[in-house]
Amino acid sequence: MSREEIVTLFMEKAALAAAGTLEVADSEALSAAVPLLVQDGKKVYCPALTQLEQAAVRDVVFRVEGYAQADATVEEVLAGIAETGSIVCASVEGRAVQASLLPSHHVAILPTGKIYATLEEFFASLGTPPTNVAIITGPSRTADIELTLAIGVHGPERLDIIVTA
12 MSREEIVTLF MEKAALAAAG TLEVADSEAL SAAVPLLVQD GKKVYCPALT
62 QLEQAAVRDV VFRVEGYAQA DATVEEVLAG IAETGSIVCA SVEGRAVQAS
112 LLPSHHVAIL PTGKIYATLE EFFASLGTPP TNVAIITGPS RTADIELTLA
162 IGVHGPERLD IIVTA
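Under the numbering used here, the residues of the sequence shown are numbered 12 to 176, in order.
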């Protein structure tokens, strides 16, 4: 599969899993997109460890120091899996996996070069695996014994994925 086909498959599968998807060309477009996704007045946590994260929150007004106080997390994720439209969050580079799970809105930044065709390809690419890994497919959803669907019980009720070059 070509890189373009992998990215297209990822976007299709993520959208089918009820994730918001957006493809941007560069850090300027990323910086413009994030404030449109995060509602005004929402408290945003971003570790700002990478250039993409720094660009993403450049124009975000309400930033907080910790994810426990946040309404939304904006972060670059470790990888994407095209076959399922999943993102991979991990405890690497001082990141807390909980930041992707606790706030009600997760905005994941995913460079195209970090999208793998299959989960097997992703794990094969790792040297030493991270201590904690969360593979997330769409917003959190669960159903009780009576099959009543609930959104956002065990993680964010909204997931937006921004794919960038």
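In this text, a Cβ means the ideal position worked out from N, Cα and C, and glycines have one as well.
Every value quoted in this text rests on a predicted model; they were computed, and no experiment measured them.
Residues near residue i in its chain [Cβ-Cβ closer than 6 Å; skip 5 each side]
i	result
L63	E87 and I120
L48	V118 and D171
I17	A93, I126 and A128
Sub-8 Å separation of residue i and residue j beta-carbons
i	j	result
A30	G124	no
V99	L112	no
G178	F134	Residue 178 falls outside the range modelled here, since the chain spans only 12 to 176, and no answer is possible.
For residue i: DSSP bridge partner residues
i	result
G52	BP columns for G52 are empty, so no partner.
I17	Answer by DSSP bridge pairing: none, since I17 is not bridged.
L170	H117
Residue of the options minimising C-alpha distance to residue i
i	options	result
A67	A145, S42, C57 and A83	S42
T142	V103, P58, A135 and L20	V103
R106	A26, A28 and T61	T61
Own chain residues within Cβ distance below 8 Å of residue i, not counting five before or after
i	result
T175	E34, V35, A36, D37, S38, A40, L41, L63, I120, L121, P122 and T123
V71	V45, P46, V49, V55, C57 and V85
Residue i CB to nearest heavy atom of the ligand FAD below 7 Å
i	result
I172	This structure lacks the ligand FAD, and indeed carries no ligand of any kind.
For residue i, three-class secondary structure by DSSP
i	result
A101	strand
G108	Correcting the residue type first, residue 108 is Val in the shown sequence and not Gly. Helix at V108.
P46	helix
E94	coil
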